[in-house]
Amino acid sequence: MAVDLLTRAAPMLRALTGRLVRLLLLLAAVATASFALMAHSPVDPVDAYVGGDIAAIGPEQRAQIAERWGLDDPPLERFGAWLGNLVQGDLGRSLTFNAPVTEVIGERFLTSLALMATAWVLSGLVGFGLGVLAGARQGRLTDRVVCWWAYTLASAPTFWVGLLLLYVFSVSLGWAPVCCAVPVGALAEDVTLLDRVQHLVLPALTLSIVGVAPVVLHTRHAVIHALAGDHVALARAQGESPTGVIVHRVLRHAAAPAVLLQFAALGELFGGSVLAEQVFSYPGLGAATTAAALGQDVPLLLGIALFTTVFVFVGNQVGDLVHARLDPRVVDDLVRARRGRWRRDPDPDVLPAVEPLPVVPEPEPAGRGAR
Amino acid sequence: MTAPLLEVRGLEVDFLQYERGLRRRAVPALTGMDLTARAGEVVALVGASGAGKSLLAHAVLGLLPPNAVERGTVAVDGEPLSPEQRRRLAGHGTTLLPQSASFLDPLSRIGRQVRRTARLAGHADPRRAAEQALAERGLGREVLRRYPHELSGGMARRVLVAMAVLTRPRLLLADEPTTGLPTDLVRTTLREFRVLADAGAAVVLVTHELRAALDVADRVVIVRDGRTVDVADPAGFTGDGAALAHPYTRALWQALPGNGFRVPEVR
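Protein chains in written order, with our numbering: chain Z, 1 to 371; chain V, 372 to 638.
Set out below in structure tokens:
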């Protein structure tokens, strides 16, 4: 039993280690590249930190700040010091928020998470539904309207859609608040869940609208492709209704690309949140990124870059796993390690044939891939 | 005398294609197909590749793509039916036995698919009916949990046969069901058709394996370039084919290995 567990765990362990190594290499590359970019940026961190009070401090004070931050050290040394701290879990202190980077990211991410998760689920569900609808009614009016809508959205920039929604729903109709994640000036303990949801709706809608178009178009294509397949012809020949064909023979085919796309879009979702949060003054990670970039808050920016890398990487890996579960033909080392079922099994014991049709079993090819 | 179960008269099918811009071109695929199948008969539809045999089967089921244009009549039980009417009949009396494993849904387990077929055909206990139909063809329960790509070619064909029989067809259109199978499995499959026909169904067997088809067929319909050229009695296919009236039929017979392998120029 223990041995059996071990032999099953070994490939899983190998697959996990492989992924971890890939992630570490990716993180190293991202850290180096973003540090190099920051080091060569023209913005002076002291100026950015002091801001409007620049006239109030003399050159000695500037030098003091620079020395305290170690800005005069050679870049390589600063990078080395940062890496050393990073390994110990210390990402440094954010200059703009005057708090530890890990704390800022953790807090801001939680706020953003509600926004991004809502937008992500919304765009996935709406996109998939519309894609299936358009594909099933290819060439008809429904299809053309959905396609036209998707192309329009695909070419509309996030911030512009956000401004438009703000204008219509907040300014003209007054249905939604103009800014922020909670009512302005309200004490934290007075904020209700309804308040939060109300403040979330417009930014989430903006963010999801941007992610919807690719899902619609890819799902539509997958549905059309599946409908033209041989297996659909057979289902029809067996009396499957048009709805039955979609439900039983097409949905799963269309879901695989949609899922993969939706998980791969996590990076774009993050990029979109930077813009959407800016437009709606929503205090999430995206707004923090903008603030850090404008203030040349190197520790926070690097921290966010690394965090996003992990976030997107994990998202893509999960997408791979789900995709492999949806499509059994996809070979994924981790899924196969978990599945472990149909691995090179010998001939199935062929049952003796029942009257009146004697069946002679033909030799089965050994491979699992044989058709 | 009652009307034949299936009667195809002068069936023509064109495919519309757009070429360079909006110019439309009709590509003729079938140019005059005649076929009659009575209840209790196995009719073999024989011809070279590309002669339009499979297309005829799909046309009878109303499964042609939207760019196909049909002329001629297809009558079931003596009543001419439009493609839409035939499409509605598919699965309710008529069914298709397709030619390859690609007709199985690659993302669905075999058990699920066969159960679905049984449910559509109105079996009281789809699960039991499906398992039994598979078991009768030598496929055990372990096959139920497999995906199509995990089956060998022979197993997939047997699954397809099980599905076709589960739909309890009055008219079965078998589209090259034996191509590439070992001889013994070809014989088993063909015997299935004989059993179905003897139970009162009409079976149209599309094939290019003339010799194997002769064992079960009541009549042999020879097609060439989208057109029916001859309807022959299986008994005529002996010796050097002197009993065969039509020169193309005789040439087809004589071209077989073992019959001289002769490929004369027939015009």
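Even glycine gets a Cβ: it sits at the ideal position worked out from N, Cα and C.
Please read all numbers here as calculations on a predicted model, not as lab measurements.
Residue-level contact to chain Z via CB, residue i, 8 Å cutoff
i: V/His617; result: no
i: V/Ser473; result: yes
i: V/Leu623; result: no
i: V/Leu432; result: yes
i: V/Leu567; result: no
i: V/Tyr389; result: no
i: V/Arg487; result: yes
i: V/Thr466; result: yes
i: V/His463; result: yes
i: V/Leu382; result: no
Whole-angstrom C-beta distance between residue j and residue i, which should lie under 8 Å
i: Z/Leu302; j: Z/Ala31; result: 7 Å
i: V/Leu406; j: V/Glu383; result: Rounded, the Cβ-Cβ distance is 13 Å, inconsistent with contact.
i: Z/Ala222; j: Z/His199; result: About 36 Å; that fails the 8 Å criterion.
i: V/Val417; j: V/Val592; result: 7 Å
i: V/Arg541; j: V/Ala572; result: 5 Å
i: Z/Tyr49; j: Z/Cys180; result: Going by Cβ atoms, the distance from Z/Tyr49 to Z/Cys180 rounds to 25 Å, so no, they are not a contact pair.
i: Z/Leu269; j: Z/Met116; result: 6 Å
i: V/Ser420; j: V/Asp546; result: Contact flag wrong, Cβ pair sits at about 13 Å.
i: Z/Ile304; j: Z/Ile105; result: 6 Å
Inter-residue Cα distance where the pair is residue i and residue j
i: Z/Leu130; j: Z/Leu164; result: 23 Å
i: Z/Leu91; j: Z/Trp82; result: 7 Å
i: Z/Leu217; j: Z/Ala150; result: 7 Å
i: Z/Ala213; j: Z/Pro257; result: 14 Å
i: V/Ser473; j: V/Arg558; result: 22 Å
i: Z/Ala156; j: Z/Gly272; result: 12 Å
i: Z/Val331; j: Z/Ala9; result: 18 Å
i: Z/Leu23; j: Z/Gly229; result: 38 Å
i: Z/Pro328; j: V/His617; result: 51 Å
i: Z/Arg14; j: Z/Leu20; result: 10 Å
i: Z/Glu240; j: Z/Leu86; result: 59 Å
i: Z/Arg196; j: Z/Val182; result: 6 Å
i: Z/Arg18; j: V/His463; result: First, the amino acid is wrong: residue 18 of chain Z is Gly here, not Arg. Approximately 53 Å, taken between the alpha carbons.
i: Z/Gly174; j: Z/Tyr167; result: 9 Å
i: Z/Ser172; j: Z/Trp148; result: 26 Å
i: V/Ser453; j: V/Val447; result: 10 Å
i: Z/Met12; j: V/Pro628; result: 54 Å
i: Z/Asp320; j: Z/Leu285; result: 26 Å
i: Z/Gln317; j: Z/Ala235; result: 34 Å
i: V/Ala410; j: V/Met404; result: 20 Å
i: Z/Ala233; j: V/Gly493; result: 20 Å
Where residue i falls, given that 16 or more other Cβ within 10 Å makes a residue buried
i: V/Glu507; result: buried
i: V/Glu580; result: buried
i: Z/Ile57; result: exposed
i: V/Gln470; result: buried
i: Z/Leu227; result: buried
i: V/Arg516; result: exposed
i: Z/Glu103; result: exposed
i: Z/Val312; result: buried
i: Z/Asp190; result: exposed
i: Z/Leu266; result: buried
i: Z/Pro177; result: buried
i: Z/Ser112; result: buried
Own chain, CB closer than 6 Å to residue i, minus 5 neighbours either side, in chain order
i: Z/Ala291; result: Thr96
i: Z/Leu275; result: Thr158 and Phe159
i: V/Leu585; result: Pro605 and Phe608
Short CB-CB distance (under 8 Å) between residue i and chain V
i: Z/Asp195; result: no
i: Z/Glu240; result: yes
i: Z/His225; result: no
i: Z/Pro157; result: no
i: Z/Pro328; result: yes
i: Z/Leu234; result: yes
i: Z/Arg252; result: yes
i: Z/Arg343; result: Low confidence applies here, because Z/Arg343 scores a pLDDT of 44, under 50, leaving its location unreliable; read the following figure in that light. No, because no Cβ of chain V sits closer than 8 Å to the Cβ of Z/Arg343.
i: Z/Asp143; result: no
i: Z/Asp230; result: yes
i: Z/Ala237; result: yes
i: Z/Ala221; result: Reading off the sequence shown, one finds His at residue 221 of chain Z, where the question assumed Ala. Not one chain V Cβ lies under 8 Å of Z/His221.
Same chain, Cβ closer than 8 Å to residue i, neighbours up to 5 away in sequence not counted
i: V/Ala422; result: Val594, Arg595, Asp596 and Gly597
i: Z/Leu27; result: Leu306, Thr309 and Val310
i: V/Leu434; result: Arg458, Ala461 and Leu467
i: V/Val532; result: Leu468, Arg508, Pro548, Thr560 and Glu563
7 Å Cβ shell around residue i - same chain, five flanking residues per side excluded
i: V/Leu387; result: Arg395, Ala397, Asn438 and Val440
i: V/Ala583; result: Thr549, Val557 and Leu561
i: Z/Ser123; result: Ser208, Gly211, Val212 and Val215
i: Z/Gly315; result: Phe263 and Leu266
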